[in-house]
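What the sequence shown shows, in numbering that gives the first Met the number 0, is residues 0 to 80, in sequence order.
Note that the Cβ used here is the ideal one computed from N, Cα and C, for glycine as well.
All of these numbers come straight from a predicted model, not from anything done at the bench.
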Amino acid sequence: MSILISVRGDLTMAQVRQAIFEALGEIEDEHNLRHSRNVTVFVNPIDEFGEKVVLRDERGKVLSRVTKKGPYQSAADEYKI
């Protein structure tokens with residue numbers, strides 16, 4: 000079973016980040032969720048006027064996916080310091 004988090008409206012990325020952070024906190028605190036496997040977030044890029052934009056990578060290729068293997072782990076975390 001999956002849980003859908005939906006954030007509506009024309010928002011800055013800071014506002015999107017905060018809304019997702021708050022939704023995850025609510026799910027964690029109020030529904031006792033402690034772990035998850037794989038998370039997919041769809042972002043619909045727009046400019047400040049609400050017009051759709053196309054993101055491109057450093058070679059000019061259309062950006063359609065960003066994949067991460069979890070958060071950055073500091074050396075202290077990695078070596079259990």
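Query	Result
Which two residues bound the contiguous alpha helix (DSSP H) that contains Ile19?	12 to 30
So within the region 24 to 79, which uninterrupted alpha helix (DSSP H) runs reach at least 4 residues, ignoring any that extend past its ends?	74 to 77
Taking only beta-carbon atoms, is Arg64 less than 9 Å away from chain D?	Among the protein chains of the structure shown there is no chain D, as only one such chain exists.
Is Val52 near Val61, with beta carbons less than 9 Å apart?	no
For Ser5, which option in Val40, Gly24, His34 has the closest C-alpha, if you only look at C-alpha atoms?	Val40
Restricting to Cα atoms, I'd like to know which of Pro44, Ser1, Val38 is closest to Gly8.	Pro44
Are the CB atoms of Leu10 and Ala22 within a distance shorter than 9 Å?	no
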